[in-house]
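Accompanying notes for the structure given below.
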Amino acid sequence: MSARLLPSVLRLASRRKTPAFAPSRHAVRAYSSEVSQPPPLLTKLKGDLKTAMKTKDAARLSVLRAVLAATLNASKTSAPIKTDVQLVSLLRRTVRSSEEAVAGFRSAGRQDLVDSEEAQIQVLEEYIAGSGVQTLGEAELREAARPIVDSLASQGQNEKTLQGAVMKELLASNGPLAGKQFDKGQLGQVVQTLLKERQS
521 MSARLLPSVL
531 RLASRRKTPA
541 FAPSRHAVRA
551 YSSEVSQPPP
561 LLTKLKGDLK
571 TAMKTKDAAR
581 LSVLRAVLAA
591 TLNASKTSAP
601 IKTDVQLVSL
611 LRRTVRSSEE
621 AVAGFRSAGR
631 QDLVDSEEAQ
641 IQVLEEYIAG
651 SGVQTLGEAE
661 LREAARPIVD
671 SLASQGQNEK
681 TLQGAVMKEL
691 LASNGPLAGK
701 QFDKGQLGQV
711 VQTLLKERQS
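Mapping the sequence shown onto the numbering used here, position 39 (from 1) lands on 559, and the numbers just tick up by one.
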């Protein structure tokens, strides 16, 4: 039966001049206007990947492939990398991972792997330094955190949960650090220091 039905289905499909669902011109226009350009730094990384392949720069090639793969994976999630700030944050996380790897390789006596990781760290730091993204230092972090520490502490916030509450305020999407580049580990240390200063 299915064999007899197939020709009729094909004839029906050939007669249909328009698709079952045709997006309106307004929908197409809206979609095309929302296509965003990639971050400038990401464009540079892609260009440098081609150069590294030609020059056989092993350390740079390894770094660029890893970073671009991570960027591609992020694009498939709810938090894609759309700005240089986000990309630099990824580079910094990669540096921290490499630094941890260096410590492990050094304790294992693998100097060859230590040298390899340190070469990659140098490449990463080169891109971070040349990104144009300004990173907040300790003084700026203290300036941002102090008012929140003082405010929450004066409201009688429990000391055990005070640090978490301060960090939550600081890292909020509309908080004082929104859209700025900084080291979260350093921020945590700054908050701890400010809390200890209040207790002394």
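For every residue, glycine included, the Cβ atom is placed at its ideal position computed from N, Cα and C.
Note that the structure is predicted; figures quoted are calculated from it, not measured.
Reference residue i, options the options, closest by Cα
i: A723; options: E663, A659 and S582; result: Lying outside 521 to 720, the shown extent of the chain, residue 723 is not represented and no answer is given.
i: K580; options: Q631, N593 and K564; result: For clarity, residue 580 is Arg in the given sequence; the question names Lys instead. Ranking Q631, N593 and K564 by Cα distance to R580 puts K564 first.
i: G708; options: Q719, G695 and L691; result: L691
i: I648; options: V634, Q683, S609 and A673; result: S609
i: R718; options: E679, A589 and N694; result: E679
i: T614; options: V634, G624 and L584; result: L584
i: M687; options: S674, Q712, L633 and Q701; result: Q712
Residues of its chain near residue i, where Cβ-Cβ distance is below 8 angstroms and the 5 sequence neighbours each way are ignored
i: V710; result: E658, L661, R662 and A665
i: G567; result: none
i: Q703; result: What sits at residue 703 in the sequence shown is Asp, not Gln. Contacts found: R612 and T655.
i: Q642; result: A579
Residue environment, residue i, which counts as buried when at least 16 other CB atoms sit within 10 Å
i: P667; result: exposed
i: T575; result: exposed
i: T597; result: exposed
i: L592; result: exposed
i: P559; result: buried
i: S618; result: buried
Residues near residue i in its chain [Cβ-Cβ closer than 6 angstroms; skip 5 each side]
i: T571; result: none
Sequence-distant residues of its chain with Cβ nearer than 7 angstroms to residue i (five each side left out)
i: L697; result: A664, L690 and L691
i: S720; result: none
i: E637; result: S618, A621, V622 and F625
Pair every Cβ in the stretch 640-658 with every Cβ in the stretch 604-623, then say whether three or more of these pairs are closer than 8 angstroms. yes
Would you list, in sequence order, the uninterrupted alpha helix (DSSP H) runs of no fewer than 4 residues that lie entirely inside the stretch 555-616? 560-575 and 578-595
Alpha helix (DSSP H) runs contained entirely in the stretch 676-717, provided each spans 4 or more residues: 679-690
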